[in-house]
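**Q**
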Amino acid sequence: MRCLGGVLAILALLIVVTSAEDPSFRILAPKFICGKSKAEGTSENQTDSGVSQQITIGLQTKGGQKLKYRVTVTFTLPGFVSQRHTLQLWKSVRQLEQRLEKERDAISDTNQILIMNEELVAGVIYTFNIVAIGEAGPIGVGQNFTIMYRGRNSQASVDQDGSSNSEDVSLLLLGAEVCYADIPYILKARLIFCEPKNDYTLAWSITGVDHVSVNTESSVLQIPPGVLSPGSTYSISVRVVGNSSGNEIVKATMKLTVLKRPLMGNIYPFDATVGFAQTTEARVAYNKPVDEVSWECRESADISCTENLIQGKNLVTTSFLKESKFQISASVEQLTLVSNIKVNAKSTISVTLQKTPPLYLIPGNRYEVTVDVAGLVPKCTSNWTLSNEEGFAYFDTTAIGGLGSIFINDIEENFLSELVDYGNDTVEREVRLIIPKEAELARNALYKFRLVTTCPEPIDDSVDGGKTRGSVASHWDMVLETNGPPSGLPLTVVPADNGTALNTFYTLSTGIANDTASDFPLRYTYWYVADGNTVQVGDFYEVMSTETQLPYSEKNVSVFYTVCDARQACSRIDGPQLRVRANPSIGLPDVLFRLDAVQKHFARGNYQDSMKVAFETLLTLKNQASGLYDEAYSRYTIILESQIKSIKEAFAQQSSYITQTSVLQFALQAKAIIDFKRGSNDHLLGELLELIDSVDRKPSRRRRAANPEPILTTKEVDSVTAKLEVYKSIVNSPSANLNGTNQLLAFIPNATRMYCEMEESRYSGEDGWLVLETKRLKATERNLLSSADRIPSDNPRVSLRSVDGAKTEQPLNNVSLLCLGKILFGRDILVNGTGSPMGMYQVILVVVYNNATQKTIDWKEGKYVWNVTVDENAANYECQVWNDDTKWSSKSCNSSYLGSHVVCECTQLNYLRIIPANESAVVEITTISTTTTQLSKEPTSTAPESVITTGSDMVTFSPTTDAPVSPTTPTSSAPATQPSTPPKTTSPAPATQPPTPPKTNSTTVQILPPSASPLNSTQMASATLTSSGALGYSILGALALCAVLTMAAFVLYHRRRNTTSLVDELQGIAGRVRAQSLPVRYARFQDEHNMSGDNVSTISDTVTV
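Numbering follows the UniProt record's numbering, in which position 989 of the sequence shown is assigned residue number 989; successive positions increment by one, without gaps.
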């Protein structure tokens, strides 16, 4: 859009083709200035208050060059003029040149030239010649542009390549003339009419690219990554055709050169110490697709070990059977990456990456890299450190609480030490490298992260047995590079004040951001924030200024821009706060014109422009309490409803290329406008959810390119965040019902899964209404949550550490990943504003299958319903939740079954487990009555040791409120000596472990002393009874004693049976290990302990009472 005397730089692209050392720049200049008439896309009659009094010329250098500019001005007077007039004009031109020379440094810093309208004379043709001078002195090829200025109420035009002017219309192509093939490319066609015109369409074409890739009538051409070929040059053209006449109105062309990205990569590990005969993995990552990696392994110049490499996609695995030093190298083109490996015969450690780390770290972002450390034994420690070596950057990790570590406890309760004693077995654990946002990472630097693992030294029978065992340290190094975001210059706004809503055109401009040459072109995106809503003004490559109107708000309107480089590093630069005045002169014709522009923008595929015009119009009318607001809002909702259906059909039918980001941005902006009148158009929110669902389904798009999938992509809006934002409006609507709440609750596990798959870590809704944090877990973990994955309750009396999982011997079938999610409801949305407050809750786990399905939770009639599949008879299971007294209880759950499904209906939202009913039997001793004793039910069959059998699902919850809960007795799945305080090292009731046996000198049966026994107390209270009555009480006491003894005998028998079966299992492990010849032994077998006379307590000792 351009108004009378308008200022903003409407840009023509001109890149000088010179050598890399020569100065290179392009001119960004206005095409013309409209007179007192309507510019395209505007809705009001232009007035003097809406006219800018200057022309902005932008100068964009190539690759971030720092240039000085020499500007000369010449003029031409058409027709016959007097000598005196010519002399006066000559003096004014020389004064303009002198001012530009004085501001030479400022022009170099901001890359902008400001020309005031008052410095120009009507009817004169001005030619500006610009020559760039590099820092080292070379002079580039000169460029020029011509302005025909006809006065305040006429138009001035600028003649340049890449643009076309046909009478009262100007067309410019705004975008970079260079790009990379692996990032999206954006090119905008800027149309300016001095008379209002909406009856037109645009047609794009690119030489060498199929029509489907560019089939859009939008003014913005978006080319997805992978369509263009590196090293190629394309010709892009656009034609503007009138709808009614079919005639061509104007056209423009430009050249686009696709750069070749230099090959860069990294190898993991950079340096490592591995164990003898342990699996060793090396992998590589590159910044672009490669055809084939050539691997080589060498011990020395003459000894090769390449034949032992097992190759995969960008990785190799091997095992070294010799204590020596090795090098594994990967070569592609001219790039060779080397990993140095040292083999230590005493080490049992093997480290593998779960996923390849990012090639670049961006300072200010949070990163998490997870490795699997195998070969761990009791008393092993593994922690991430940062090497402070020459050539690598360093920061103090203590200031951020460390980078991540684990410790393997030597505790008999966790069964690990028994595995070691009997089987020489080891365990595998995840160790996460966590780099928080607060870490002060330097720009464009190298960091060496080292994982140091220290374990007890293996047993050596050849040395003195009394010698103290030492420790063995292993390391695994990973070198990561940082990519500093561009350093943006300040954002200036003209005018800075006294602007009028929907009338004044504000010019947002900045200079070229500083960054490395390989990170260009830069992407500039401009925004404003009004009444808490963020609206995009423009999104361009290498365009450093834009223009917009602003809505009226009682608060200040803030502006900012983001600038991103070609490797996705972005900076945000905030501009000034603007005070926008109300516009009481808006009439019905202006509103109708704007609504018509909304429809025409949408019809051409300009969804961003359509929503922007609608938002500015309705927000201004709303804040001004205009009498036109209700009618305008009603008209717009009719338009919006048709737009939602239209965009959904167009996206599904693939009739034109529409990006998923465009659809999601449209949904979020439409949701913001619907919120203007909450409760009046809730049906539109449901339609927005359906629209977002169409994005989730991801219809198969037509083939757009034969190139490999790109490595780098721009981070865009995701459908999960968009849907949660829409749900926020649904559950907070005055007309909200239980159905909307149920939909939200059912969507939460799905959102957790999708965030895990997208590797997003956090969603935080405005005002804290909803917070969701996610983490990916391996499906092969013995415990689904290790001690390092704890999510403590906000209740200070409860500190939960882990959740029960499936046994390692019986992994979950067909499971691709496990998602840990912590979700907090900041409002009382679960009860729809009725009843007592329910506080905040946490969803803990979602099991994700390979077919991308997971269990959802129903919430109805005040109960939370889980439907969990078990492999065995569902009637033998019951549901239990973890209460505030750190005990499992089934009191708040009603258990039922349907075929192989266990149905849990619980009134309490907490950790949930499905457990065999006979495992939940308890022995309860009471001292209140001598006539009542509760006994456990005799088990009829051996209960499974795992809480969840193969193929079962589990979703668990944890509360953060401090609601009182009646105490319950611990079940047999918890240790008998478990206190009522929070556990410190393991889960309160590990499902994958057998019940913890008591020590040999302890028992769960309490033998009461005579002074405190129920029998003595009863006899003292009944001293007045007859002798026959006393005899009766004696008989009852004897019966009670017999019952206690019987119960104790049962408990001992049950525990001995379980322990004996465990010992039998361990004996099998020992036999298996004896049959094998392991290279390293770090534990003695049980019989060897006994023969050596060692006093070692084992599980078998616990059966002796």
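Ideal Cβ placement from N, Cα and C applies to all residues, glycine included.
Predicted, not measured: the structure shown is a model, and the values here were computed from it.
With 7 angstroms set as the bound, which would you pick, yes or no: does the beta-carbon of G470 sit closer than that to a beta-carbon of chain C?
**A** The structure shown contains no chain C; it is built from a single protein chain.
**Q** DSSP state of S294, grouped into three classes?
**A** Strand.
**Q** Which residue comes first and which comes last in the alpha helix (DSSP H) that contains M754?
**A** Start and end: 738-758.
**Q** State buried or exposed for residue 1106, treating a residue as buried only when at least 16 other CB atoms are found within 10 Å of its CB.
**A** Only positions 1 to 1105 of the chain appear in the structure, and residue 1106 is not among them; the question remains open.
**Q** Name, in chain order, the residues that DSSP records as bridge partners for residue 1145.
**A** The structure shown does not extend to residue 1145, since the chain spans only 1 to 1105, so no value can be given for it.
**Q** Expressed to the nearest angstrom, what Euclidean distance is found between the alpha-carbon atoms of R702 and A652?
**A** Residue placement at R702 is flagged as unreliable, the pLDDT there being 41, under the threshold of 50; the coordinate-derived value follows with that caveat. Going by the C-alpha atoms only, they are around 11 angstroms apart.
**Q** Taking C-alpha atoms, which residue in A176, D182, S245, P230 lies nearest to T201?
**A** With distances taken between Cα atoms, T201 lies closest to S245.
**Q** Looking only at DSSP bridge pairs, what is R762 linked to?
**A** For R762, which the question treats as bridged, DSSP gives the partners E773.
**Q** Straight-line CA distance for T253 to A176?
**A** Rounded to whole angstroms, T253 to A176 spans 13 angstroms at the Cα level.
**Q** Would you list the residues sitting across from A203 in a DSSP beta bridge?
**A** In the DSSP output, where bridge partners are listed per residue, A203 has R239.
**Q** Report, in whole angstroms, the separation of the C-beta atoms of L67 and G134, which I expect to be a contact under 8 angstroms.
**A** Their Cβ separation, rounded to whole angstroms, is 6 angstroms, which keeps L67 and G134 in contact under 8 angstroms.
**Q** Residues in the same chain with beta-carbon distance under 6 angstroms from S662, minus the five sequence neighbours each way, listed in chain order, please.
**A** Contacts found: Y607.
**Q** Between E616 and S350, what straight-line distance do the alpha-carbon atoms span, to the nearest angstrom?
**A** Taking the straight line joining both Cα atoms gives about 60 angstroms.
**Q** Run through the DSSP bridge pairs and tell me what V717 is partnered with.
**A** Paired residues: none, contrary to the question.
**Q** Decide yes or no for the touch test of the region 358-371 against the region 322-332: beta carbon pairs closer than 8 angstroms, at least 3 of them.
**A** The region 358-371, when compared against the region 322-332, does not touch it at the 8 angstroms Cβ threshold.
**Q** Return the chain-ordered list of same chain residues with a C-beta closer than 6 angstroms to the C-beta of P979, the five sequence neighbours on each side being excluded.
**A** Legend: pLDDT at P979 = 33, less than 50; position of this residue unreliable, value from coordinates given subsequently. Result list for P979: empty, nothing under 6 angstroms.
**Q** Which residues bound the alpha helix (DSSP H) around Q643?
**A** Its alpha helix (DSSP H) spans residues 629-653.
**Q** Determine the burial state of N850: buried for a count of at least 16 other Cβ atoms within 10 Å of its Cβ, exposed for fewer.
**A** With a pLDDT of 42 at N850, under the threshold of 50, the modelled position of this residue cannot be trusted; read the value that follows with caution. By the 10 Å Cβ count, N850 comes out exposed.
**Q** Can you tell me which residues form a DSSP beta bridge with S487?
**A** Answer is N514.
**Q** Is the region 305-315 close to the region 282-296, with three or more CB pairs under 8 angstroms?
**A** Contact between the region 305-315 and the region 282-296 is present, because at least three Cβ pairs lie under 8 angstroms.
**Q** Report the residue from N198, L446, T207, L618 whose alpha carbon sits nearest the alpha carbon of E390.
**A** Ranking N198, L446, T207, L618 by Cα distance to E390 puts L446 first.
**Q** To which residues of the same chain is K600 closer than 7 angstroms at the C-beta, ignoring the five residues directly before and after it?
**A** Counting only Cβ-Cβ distances below 7 angstroms, and skipping sequence neighbours, we find N198.
**Q** Can you confirm whether the region 729-746 touches the region 672-682 when touching is taken to mean that 3 or more C-beta pairs between the two stretches lie within less than 8 angstroms?
**A** Yes, the region 672-682 touches the region 729-746.
**Q** Are at least three pairs of beta-carbons, each pair with one atom in the region 540-551 and one in the region 491-511, less than 8 angstroms apart?
**A** Taking 8 angstroms as the limit for Cβ pairs, the verdict is that the region 491-511 does touch the region 540-551.
**Q** Using the Cβ count rule (16 or more neighbours within 10 Å means buried), how would you classify G375?
**A** With 16 or more Cβ atoms within 10 Å of its Cβ, G375 is classed as buried.
**Q** Could you tell me whether the region 483-490 touches the region 509-519, using the rule of 3 or more Cβ pairs below 8 angstroms?
**A** Yes, they touch.
**Q** Just mark K723 as buried or exposed, buried being the case when its beta carbon has 16 or more other beta carbons within 10 Å.
**A** With 16 or more Cβ atoms within 10 Å of its Cβ, K723 is classed as buried.
**Q** Given a threshold of 16 other Cβ atoms within 10 Å of its Cβ, counted over all protein chains shown, does N111 qualify as buried or as exposed?
**A** Buried, since its Cβ has 16 or more Cβ neighbours within 10 Å.
**Q** Mind checking which residues open and close the beta strand (DSSP E) that includes E368?
**A** It spans 367-376 - the beta strand (DSSP E) in which E368 sits, taken as one unbroken run.
**Q** If Y234 and I206 are in contact, beta carbons under 8 angstroms, what's the gap, nearest whole angstrom?
**A** With 8 angstroms as the limit, Y234 and I206 qualify as a contact, their Cβ atoms being about 5 angstroms apart.
**Q** Short check: CB of T381 to CB of F407, under 7 angstroms?
**A** Result yes, Cβ atoms of T381 and F407 sit closer than 7 angstroms.
**Q** Could you please give me the residues that DSSP links to I113 through a beta bridge?
**A** In the DSSP output, where bridge partners are listed per residue, I113 has I57.
**Q** E55: which of T426, H475, F145, R104 sits nearest, CA to CA?
**A** Here residue 55 turns out to be Ile, not Glu, going by the sequence shown. For the residues T426, H475, F145, R104, the minimum Cα distance to I55 belongs to F145.
**Q** Quick check on DSSP: helix, strand or coil for V420?
**A** In this prediction, V420 scores a pLDDT of 49, lower than 50, which makes its location untrustworthy; the coordinate-derived value is nonetheless stated afterwards. Residue state, collapsed to three classes: helix.
**Q** Hey, R572 and N556: beta-carbon distance below 7 angstroms or not?
**A** Contact: no.
**Q** For the ligand PLP, is there any heavy atom lying closer than 6 angstroms to the beta carbon of N876?
**A** The model on display carries no ligand, and the ligand PLP is accordingly not part of it.
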